[in-house]
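This report refers to the structure that appears directly beneath it.
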Amino acid sequence: MSDNEVLYFSSIGHLGFGGLDIFRSNMVNGTFDKPVNLGASINGHLDDFGYVIRENENKGYVSTNRGGKDRIFTVSRIDNYLTKYVVEGVVTGKNSKELLVGSLVTLMDDIGNVIQDTLVGDEAKYLFKIEPNKKYKVRGTRKAYIPQDVEFSTDSKGKVQHDIELILESYADAEAQVEENEKGEVQVTLDKIFFDFDKSNIRPDAAKILNVLVDLMKKYPEMQVEVSAHTDARGADQYNLDLSKRRAASTLEYLVSQGIERNRLRSIGYGELQPLNRCVKEGICSEEEYDINRRCEFKILN
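Mapping to the UniProt record's numbering: the sequence shown position 109 is 109, numbers consecutive.
Below is the structure:
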């Protein structure tokens, strides 16, 4: 038994290279885990029956009858950086505590260059091989969730393994203005924005409402938003479509003027194609019912 609570033993009861082989087993919570063969660098096709390691010196001795008679060899242990340094963990929801299957986990260097990324599977686990004496960042992202970054570093004598659990919070849980609709889309819910008749310019009262979205997007610099504009069913179809496109574009331009990067936004006009009620043509609804369909919506894309 080593100083690090690792049991080294010789056995023919496990799959090996022939004869007695040396195995190791870690003590975990008072019991030993599954034995691991030390490999061809220690074991041969004859009997290898004794192993002593000085953990603090990374040196030891192995006794064997290879060559036809019993001998003792000195061995030195060197670091295998491809297997020693590993960062791994799972991705879970902050409030739901559920595994966030399908999340994207990205490993980056200290200046933000992407080294590797992976989509987590059914167990929401990720694992990256890393190197000593370096600084890293691991980022967890998922649609409609706030990205999480965790920075860490390795050194030549550091821990062999870094376990980093990524706990993501949804925008809907974090912000009262964010809700998920019946289609599963995540939207920023604002007070209604009004436009002057046949106009697309942003009025002062609309600007005040849009500033709520500006503040939210500045708080979450990774957030990307689709601005969509809708009309009611009164008037010509093409006219309504063109008007909605102008209003969506005007809304986007206002957000850009307030410091939101253009590449985080997109605008689209739907005209009268997506009503929220039965008012799909002119002359069948009250003014209040038509008014429900005249709206701007703000959908979180990422």
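Even for Gly, the Cβ is constructed at its ideal location relative to N, Cα and C.
Counting only the same chain and skipping the five closest in sequence on each side, list residues whose C-beta sits under 6 Å from that of residue i.
i	result
K97	none
G158	Low confidence applies to G158: its pLDDT is 47, below 50, so where it sits in the model is not reliable enough to give any reading.
I72	Y61, S63
residue 310	No answer is possible for residue 310: it lies beyond the span of the chain, which begins at 1 and ends at 302.
N240	T231, G271, E272
I193	A206, I209, C296
Taking the alpha carbon of residue i as the reference point, which residue from the options has its own alpha carbon closest?
i	options	result
G102	G112, D110, T141	T141
V227	A249, A207, A233	A249
N277	R295, Q224, R264, L190	R295
G112	K199, L100, K134	K134
G184	I300, E222, M27	I300
residue 303	E123, C279, D48	Any answer about residue 303 is impossible in this case: the structure gives the chain only from 1 up to 302.
residue 314	D21, L100, E131	Not covered by the structure: residue 314. The range shown for the chain is 1 to 302.
I130	S153, D149, P147, E182	S153
V214	L265, F194, L166, N201	L265
E151	D163, Y145, K143	D163
N56	E222, D3, E287	D3
G271	V36, A229, L127	A229
T31	H14, H45, L7, T92	L7
residue 325	D21, L216, K143, I284	Residue 325 is absent from the model: the chain starts at 1 and stops at 302.
residue 352	I146, N26, K219, G283	With the chain running from 1 to 302 in the structure shown, residue 352 is simply not present.
E222	D242, T118, A144	A144
Name the DSSP bridge partner or partners of residue i?
i	result
M27	F32
K137	M108, E151
Q238	DSSP output for Q238 lists no bridge partner at all.
C296	A229
L166	V91
T64	D48, R71
R262	Note: R262 sits in no beta bridge, so no partner.
Y126	G89
E180	V186
V114	M108
Using 10 angstroms around the beta-carbon of residue i, count the other beta-carbons present and answer buried if the total reaches 16, otherwise exposed.
i	result
F298	buried
Q274	exposed
F23	buried
E179	exposed
N58	exposed
T189	exposed
V105	buried
S170	buried
Y126	buried
R203	exposed
Q238	exposed
A176	exposed
R262	exposed
S200	buried
T74	exposed
N293	buried
I12	exposed
Among the residues of its own chain, which have a CB less than 7 Å from the CB of residue i, if the five just before and after it don't count?
i	result
K281	A233
I115	L107, M108, D109
Grab me the residues of residue i's own chain with a C-beta within less than 8 Å of its C-beta, minus the 5 sequence neighbours each way, in chain order.
i	result
A40	F17
L15	N37
E88	K125, Y126, L127, F128, Q161, H162, D163, I164
**Request:** Evaluate the contact criterion for the segment 206-220 versus the segment 257-265: three or more CB pairs, one atom per stretch, below 8 Å.
**Result:** yes
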